[in-house]
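Line order of the protein sequences matches chains S and G.
For the first sequence, position 85 (counting from the first letter as 1) is numbered 762 according to the numbering used here, and the numbering increases by one without interruption.
For the second sequence, position 150 (counting from the first letter as 1) is numbered 827 according to the numbering used here, and the numbering increases by one without interruption.
Even for Gly, the Cβ is constructed at its ideal location relative to N, Cα and C.
Single-structure report; data block below.
Protein chains: 2
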Amino acid sequence: MVQADKRERLIQAADGLFHQKGFEHTSIADVASAAEVPLGNVYYYFKTRGDLMRTVSEHRLASARARREGLNALPSPRDRLIAWVNSFEDSTEECTAYGCPIGSLCLEANKLGGPMAKDASVVFRDSLEWMRKQFLEMGFADRMAREYAARILGGRQGSILLANTFKEPEYIRLEIARLRKWLGELPAGKGRNGK
Amino acid sequence: MVQADKRERLIQAADGLFHQKGFEHTSIADVASAAEVPLGNVYYYFKTRGDLMRTVSEHRLASARARREGLNALPSPRDRLIAWVNSFEDSTEECTAYGCPIGSLCLEANKLGGPMAKDASVVFRDSLEWMRKQFLEMGFADRMAREYAARILGGRQGSILLANTFKEPEYIRLEIARLRKWLGELPAGKGRNGK
DNA sequence: GTCTATACGGCGATAGAC
DNA sequence: GTCTATCGCCGTATAGAC
């Protein structure tokens, strides 16, 4: 199907360009040219630039979920979390070069105002939710589970910002190692789901 | 002096707007109108938009240094660090609403490429350097001092990103509390400056 | 030094032929 | 469904009167 192919190529191109150059600095013409689709044709698939951005976010959400699907085979929630954190290593170079694709987009969307902010945040919201469930399964109270999930995501985002700012991947690697160590040593919670 | 006054007003206006709307989304016209200076006159004070941005970064660097000056009166490096971390509380609301002014600018500048990236990073570089000195004075080896400095800055930046994304200041407050606790309990280093 | 008017380019979005 | 041509707006930067 030619349609789906072009649409897919546009999403892929937009995803990459939003990451590398930022949303605000990526024009429809940039996306069209990278996807090798004529400029005007883009508007057949996406009504506005914001629409394209929302689609990219949905696409990223699906990707993140798919990557976690594989982890659900692991029997222990602790191991799932550690495997998840370890998987961050694959993107160290890209994140050092361009920052976190999701984090950058959230920040940009928030400055723009409007409904895009919520669209961009769905990936983080979903990640936090998944991590929270793992910590609940480890026996932590809901409050702790939320706090720990935020610690992982926040720690990672902070390390990426530093790595990107100073073009130094070591910040990311150190944080991954620290999170892994912390998860490994963390005593399991006592309550059954914090009851 | 009318000159210095206008220049100052332009810097202040640009500082605020870069924070609230982002650099890429703030036009010279926006800055001029916020500072109540005619559009064309801006170019008498700043050659280009990038020039204005560099000036704002220098201005922020000076502010951060001035705020730390007061802390140098404290005799213990640990207390200086704790006081520094505590001072983050003042900006919790603004950071929740608009993100970290410095972090946002660094990220944007990195996406733009060119020399702006370095201009934007000077504030972080200077903060890290100051924190590193405090940890050295506490007796930590240089490697640990750098790592700990990055932990404070990274932890803070990550918490701000989450707070901004979800419009929830609690992320920032929790991280401040965690850093304060960590600094309070951290055993002093053994070596004299890591020797 | 100050301000107005405007040149010039780029971008989002659309019209309309095929 | 596909693609070209183009409209209209906004942004940076400059020219030049005062």
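Within the segment 795 to 819 of chain S, there are no complete beta strand (DSSP E) runs of at least 3 residues. Nearest in C-alpha terms to S/N841, of all of S/E770, S/D803, S/A794, S/G831, is S/E770.
Here G/K788 carries a helix assignment [DSSP, helix/strand/coil]. Inter-residue distance for G/I759 and G/L748 is about 10 Å (C-alpha atoms, whole angstroms). Fewer than three Cβ pairs drawn from the segment 726 to 745 of chain S and the segment 735 to 753 of chain G lie within less than 8 Å of each other, which leaves the two stretches out of contact. Collapsing the DSSP output to three states places G/L856 in a helix. Contact annotation, G/M821 with G/A865: C-beta distance approximately 11 Å; criterion of less than 8 Å not satisfied.
Residue S/A690 holds the alpha-carbon nearest to the alpha-carbon of S/A712 among S/F843, S/A690, S/E845. Between G/V800 and G/R726, the C-beta spacing is not below 7 Å.
With contact defined as three or more Cβ pairs closer than 8 Å, the segment 842 to 859 of chain G and the segment 842 to 849 of chain S are not in contact. One Cα belongs to G/F843, the other to S/S798, and the distance between them is close to 8 Å.
A check of alpha carbon separations from S/I837 across G/L813, G/G831, G/R757, G/Y825 identifies G/G831 as the nearest. Leaving aside the five residues that flank S/V733 on each side, the residues in its chain whose CB is nearer than 7 Å to its CB run, in chain order, I688, A691, D692, F695. Taking CB atoms only, G/L694 has no neighbour in chain S less than 7 Å away.
DSSP places S/P778 in the helix class (H, G or I) of the three-state scheme. With a threshold of 16 other beta carbon atoms within 10 Å, S/E862 falls short and is exposed. Taking 7 Å as the CB threshold, S/Y848 lines the interface with chain G. Measuring C-alpha to C-alpha distances from S/I829 to each of S/P792, S/K867, S/N763, S/G791 identifies S/N763 as the nearest. Neighbours of S/C783 across chain G, judged by C-beta separation under 8 Å: L838, N841, T842.
The beta carbon of G/A827 sits closer than 7 Å to some beta carbon of chain S. G/D707 has its alpha-carbon roughly 19 Å from the corresponding atom of S/G791.
For the set S/K867, S/K683, S/Q680, S/Q697, the Cα lying nearest the Cα of S/T773 is the one of S/Q697. Distances from the CA of S/G699 to each of G/E766, G/Q834, G/N787 were compared; the closest alpha carbon is that of G/N787. CA-to-CA, the gap between S/E785 and G/Y775 works out to about 10 Å.
For the segment 786 to 819 of chain G, the set of residues with a beta-carbon nearer than 7 Å to any beta-carbon of chain S comprises N787, K788, L789, S798, F801, in chain order. In this structure, S/Q834 keeps its C-beta atom at 7 Å or more from the C-beta atom of G/G868. Look at S/K698: its C-beta is under 7 Å from a C-beta on chain G.
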